[in-house]
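Structure first, then comments.
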Amino acid sequence: MRKYFSIALAASLLAPLAACGSESEPAATQPADHAQHQHPADGGPVPAGMVEAANPTYTVGSNVTLTADHMPGMEGAPATIVSAYDTTAYEVTYTPAGGGEPVRNHKWVVQEEIKDAGSERLADGTAVVLEADHMDSMQGAEATIDSSTTETVYLVDVHADGMEMTNHKWVVESEIQPAN
């Protein structure tokens, strides 16, 4: 009887651990590493008010090669243009809304992802509040503008070794070259 009780006790203690197995999330919700923060595999829709570029260098559906190094595996990665926009893109340093170490020189946040930004280009050093949601703890974060560019801004699908990202936000024109 004692042996039976010991086995039953051991089984009841181990059963909850079995739920911690190796089940994985669907690919669309698995984050890709972006420095010390998580970047979703699907960047989701663009912010309201974005103006599509009239004559982008890279048109929707174009296959390109990324020269950006925002995250490991991105530089040299093949990508497909999803959409192109005329806006200002900002490199920012922000403190995550949930706390933690500042994220320095994050590329990119667009004009439409900054609270009360208006339509004029913001000066370097301007303190802002982010409304972007394409990085964990970015929405509501306090940030400082490090630099900006008015190049065409692209939403891309990235296809790299072990990294599949749809609607990645953002890549600017100087970070793209034609596919080989």
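FYI, the numbering for the sequence shown is -21 to -1, 1 to 159, going by mature numbering (1 follows the signal peptide of the UniProt record, and there is no 0). All residues carry an ideal CB built from backbone N, CA and C; glycine is no exception. These numbers come from a predicted model, not from an experiment.
With residue i as the anchor, note down where its beta strand (DSSP E) starts and where it stops.
i: residue 83; result: 82 to 89
i: residue 121; result: 121 to 128
i: residue 109; result: Premise fails: residue 109 is in no beta strand (DSSP E) and is neither H nor E.
i: residue 145; result: 142 to 151
i: residue 46; result: Careful: residue 46 lies outside any beta strand (DSSP E) and carries neither H nor E.
i: residue 139; result: 132 to 139
i: residue 157; result: 155 to 157
Looking only at its chain, what residues have a beta carbon closer than 6 Å to the beta carbon of residue i, apart from the 5 residues adjacent to it on each side?
i: residue 151; result: 68, 128, 130 and 132
i: residue 122; result: 71, 73, 107 and 109
i: residue 96; result: 90
i: residue 185; result: Outside the shown range of the chain (-21 to 159) lies residue 185, about which nothing can therefore be said.
Could you tell me whether the Cβ atoms of residue i and residue j are closer together than 7 Å?
i: residue 58; j: residue 39; result: no
i: residue 22; j: residue 85; result: no
i: residue 136; j: residue 61; result: yes
i: residue 228; j: residue 105; result: Since the displayed the chain opens at -21 and closes at 159, residue 228 lies outside it and no answer follows.
Helix or strand or just coil, what does DSSP make of residue i?
i: residue 31; result: strand
i: residue 92; result: helix
i: residue 99; result: coil
i: residue 54; result: coil
i: residue 64; result: strand
i: residue 71; result: strand
i: residue 38; result: coil
For residue i, which residues in the same chain have their Cβ closer than 8 Å to its Cβ, ignoring the five residues on either side in sequence?
i: residue 64; result: 25, 29, 30, 31, 32, 89, 131, 132, 133 and 134
Just to confirm my understanding: we take residue i, look at its own chain, exclude 5 residues before and 5 after, and list those with CB closer than 7 Å. What are they?
i: residue 126; result: 70 and 103
i: residue 159; result: 44
i: residue 37; result: 43, 60, 63, 133 and 155
Using only the heavy atoms of the ligand FMN, determine whether one of them is closer than 6 Å to the beta carbon of residue i.
i: residue 131; result: The ligand FMN is absent from the structure shown, which contains no ligands of any kind.
Item to check | Any 3 or more C-beta pairs closer than 8 Å across the segment 45 to 53 and the segment 90 to 104 | outcome: no
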